[in-house]
Each structure stands twice: as structure tokens, then as C-alpha cells.
RNA sequence: GGUGGGUUGGCCGAGAGGCGAGGCAACGGACUGCAAAUCCGUGUACACGGGUUCAAAUCCCGUACCCACCUCCA
């Protein structure tokens, strides 16, 4: 089987052919840690986590690098507002990002380099670009270093734009720029900025420009040519366009393909701090089970916009309960087993540019079949369970995975509860055998009132704590 | 002004020339002492107006509306 992916540079879906056979190297733009991650940020993490899982299933060894932009204007401003060092702000939000990975079951990237740790690599790259005539230090004494857009004819290739048709930036005064579209590789430090937020260079003290850091770190950890560069669609221009220009102008082959995930909208607009329509991961996870939130984010195709709605998320939670319900019931009967091989149609869907919606249709079919086998149990059920767990494992929503099981914090209390409820269910069984249904229902009502749901199965009654 | 993407049944959400993806909700049935859970069944949806074709949600032309990017942004 061949994994095929859409390349947003060429706008075509093509076979994934890695630079190094058997290995896939991925760089995706992480966060500028100026605040805790919102649902839109984490959608990207979930998308690339599913990609990684699928590539690993396909037998590839996957390396993922995601940068952490830990210094920029907003982080510095926030530190000033809050009366603490800018790096304390950055670090706190970096930890919040890691907490979000964890709560949604995302495996952390192979490595997350920080911008501030890669200044020498950036200086080296700027020197190369200056020598090659594609960059220049501003002659206004600002310490800024700019990329010379006019010197690179391919500029605009990624976003399919022509330099002359672009609107020039109006906000930034073009002081030291030769062309208004030139972008900063390096930002000279300004008066009043903390000393800790600047690093020495041949052009004066300053700090990394956002675009350059990604080029420098991608090259350092993945080499001059790697397989996939990813990120949110909003980064395609200017950020990714600029990265591509810098790296290729510096003589590097850079990314073989580009993968952009669509945005998560709230109230008809992209979720973003500047619009103010954000929903933090930590808040959403308080209202809905984390596994349902993850499922919600991955259930739509990664290139489709998700218009966030609480109702849709609530519906998703119900759909997830049907799936997890099957897995837990089946596991009680035949044992959990291990995640197994996925059906061919599921694999075909995933191979086709991660067609998760089509893959979920196959998953649901297997769950329906499995639910039908629940009455009899046996090897057929065990096989269906393995197949379902295999599919859920690819998507990172296998309820029996340690990632989700550990949540409850199993303790002696569970055993005690099971014993107590077991006694009550025995009383109910006796009452039912005597056809004393009023007494039987009283027991069930009592348990329901305590948040315990009872269902009678061909193998006897089972209980669950409501909402878990 | 430029570059992309979108509009699918009550809701979510795939598909991209020809057999009604899938889920949620609803209704009917089976199972149950009654429930719950589960299973089975029930829907002729593709923004609008033209056109191409034996056949269009899917291709072409036009119109309307929406989103993203061209500025920090996953």
C-alpha cells in the first residue's frame, strides 16, 4: 500500500516518496508561546499525531520536529504587563502546550527546539544569504536584517502569488527595507527591551525573526532536504513562503511537500487570539470527555474547515460512547487482547490523503457487527474487537490504551464500589426471580440516583458510572 | 485588487459523472417483566440560474453568500 498525500504547494495528491526509504521526516510549525493553546492550535497537533500513527503503521520510522517560538514582541510585552521575565511567560505556556498534548493523547514530537537556542545557526544562515546576495543588513542602524524578495524570482511559488500583485504591508514602516515586501530575518533590539531578549550578531544585538528560526531549525534537525513541512493553512503565506525562500536561496532543497490543515472556526471566523474568539483546550476538556474532543477534531477531514459548535461536540460525545461502549463490553467478555490489523478499506481510506471520515464509516460498520456478536461472544467477537481497536489505535482513540485508561486513577475504591453494587445487583436478581419487580426497580432506581447505570446483558447485569 | 477553499437531508459530515458513505436526532419493529444497551427497518439531500451528457451533487458558464491568506496568527 502506498500513502498518498495532498501537497499544498502543487495542489495535487501524490505518492509519498521519502528522501530516505523507510523514514519520514516532518517539520511542523509549533506555537508562539504567548498564551495557552486553544482548540485550533491543538487541531493541528491531533492531525499530525494521526499522520504519524498512520505512517508508523505503514512501517515508516517517523521523525517529527516542531519548533517553539519562545521569544517575540507579544511575549516580551506580556512579560512587561505581568511584571515578570518574558521567558517565564514563554515557559509557562510551553508547559500548557505539553499538558494539552497529554490530555488529548498526542504523542509529543520527537523534539521541540526553541528559537532562542538556535541563534548561531540563524547567524550562519544569514551570512550565507548575505554572501549570496539575497539578504542585507538595514542601513538605518536598526540592526535589522532583511531578505531581499526581489533577488529571489521564485518568491511566491508556494502561495501561487506574484510579488507585484501583493498588497504591501502598511503597518510596518519600511524604514530600512529596499522593498516593502522584504521581510525580517533578524530584528534588531530596540530601546527599552530587556537585555535578556537580545543576542549578539555581526549586525548588532537583536533577536530571531520568526521565519528564519524555522528554516534554521528544520535544517539542523532534519537536514537540507526533508519529507513534509506542515502547519496551519494560515501560515502558508507569509511564513511558509518566507521559509521556502530563505532555505532555497541558501542552497537547500528544503521540504519535498507541504501539508496544511484547515482552520477551526468559532462564530464564523478563525479561532485566534487577535479576534478574541478562542476556547482553550483546558476549558473544553472540563466540559467534554477528552477522548470525545480528540475524536471531534479528527473526525472531519484535515483539509476541511471545522465550524466549532458545542452541539456538534456533544453529538460527537454520544457517537464516541457507542464505540467505547462496544470496546469495553467486548473486552469484558473476551479480554482486551491487542489492537490488531485494520480492514483493507480502512487502510485504503487512510492512504488516500488521510480520509478519516471514510475510515470512520468502516470503523462504524465493524462496531455494528461487533455489537451483534456481543450476545454470543467467542473468537469472532475477539477478532472484531482486535480490528476495532486497531482502527481506534490509528486514530489515537482506543479507550483501552493506557493513555485513556490511566485517567480514572483506579484505586481500592473501585473494588469496594464493585463489591457494594454487586450485592445490590444480587438483591435485584433475587427480586426479579420472585417476580417482585417493584423491589427490583427500587434497587435500580437507587443506583440510578447515585449515578450508576444498569443494563441487563445475556451474560448478566453490568454497571457503569454515568458519563464515563 | 490578487491567491486558494467552501455552500450536501433536522444537525454533523464524506463523496467529485451512473448503484442514497457514516454518525447524531426522529419514527416504527425486535429483544426486555419494564427499562437501558444493542440490532433491524424508515430519508430520494446536494446554494441559485443556465448549459454539456444517454446520465450531473459531481463537468462548463453565470449569480449569490461564506471562510482563509496577501499584517502577528495552528
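Residue numbers (the numbering used here): 607 to 1074.
Glycine included, every Cβ here is placed at the ideal spot set by N, Cα and C.
Just so it is clear, the structure is predicted and the values come from calculations on it, not from any experiment.
Residues near residue i in its chain [Cβ-Cβ closer than 6 Å; skip 5 each side]
i            : result
residue 1069 : 1027, 1058 and 1060
residue 876  : 869
residue 866  : 614, 839 and 842
residue 696  : 639, 676 and 681
residue 995  : 945 and 1004
residue 998  : 1004
residue 912  : 870 and 906
residue 826  : 727
residue 794  : 748, 749, 750, 810 and 812
residue 609  : 622, 664 and 957
Extent of the continuous alpha helix (DSSP H) to which residue i belongs
i           : result
residue 890 : 887 to 893
residue 867 : Premise fails: residue 867 lies in the beta strand (DSSP E), 860 to 867, not in any alpha helix (DSSP H).
residue 921 : 916 to 940
residue 704 : 692 to 709
residue 884 : Looking at the DSSP string, residue 884 is not in any alpha helix (DSSP H), and its letter there is neither H nor E.
residue 817 : 816 to 828
residue 849 : 847 to 855
residue 637 : Run containing residue 637: none; DSSP gives neither H nor E here.
residue 841 : That residue, residue 841, is in no alpha helix (DSSP H); it is neither H nor E in DSSP.
residue 624 : Where residue 624 is concerned, there is no enclosing alpha helix (DSSP H), given that its DSSP letter is neither H nor E.
Cut-off 8 Å between Cβ atoms - residues of its own chain near residue i, not counting five sequence neighbours on either side
i           : result
residue 789 : 752, 753, 755, 815, 817, 844 and 848
residue 926 : 895, 897, 898, 901 and 1003
Cβ-based neighbour list, residue i, same chain, cut-off 7 Å, excluding 5 preceding and 5 following
i           : result
residue 585 : The requested residue 585 does not occur in the structure, where the chain is confined to residues 607 to 1074.
residue 988 : 940 and 943
residue 822 : 724, 727, 728 and 731
residue 647 : 637
residue 743 : 751 and 809
residue 716 : 669, 670 and 671
residue 703 : 637, 639 and 643
Boundaries of the beta strand (DSSP E) in which residue i is found, first to last residue
i           : result
residue 871 : 870 to 872
residue 742 : 741 to 743
residue 629 : 629 to 634
residue 619 : 618 to 621
residue 832 : 831 to 838
For residue i: DSSP bridge partner residues
i            : result
residue 789  : 753
residue 668  : 630
residue 677  : Partner(s): none; residue 677 has no beta bridge.
residue 794  : 812
residue 1062 : 1067
DSSP state of residue i mapped onto helix, strand, coil
i            : result
residue 809  : coil
residue 724  : helix
residue 802  : helix
residue 958  : strand
residue 875  : strand
residue 908  : coil
residue 764  : coil
residue 1071 : strand
residue 986  : helix
residue 610  : strand
residue 716  : coil
residue 644  : strand
residue 976  : helix
residue 944  : coil
Local Cβ density within 10 Å of residue i, reported as buried at 16 or more and exposed below that
i            : result
residue 773  : exposed
residue 874  : exposed
residue 1025 : exposed
residue 669  : buried
residue 1119 : Limits of the chain in this structure are 607 at one end and 1074 at the other, which puts residue 1119 out of reach.
residue 762  : buried
residue 1043 : exposed
residue 806  : exposed
residue 719  : buried
residue 974  : exposed
residue 631  : buried
residue 979  : buried
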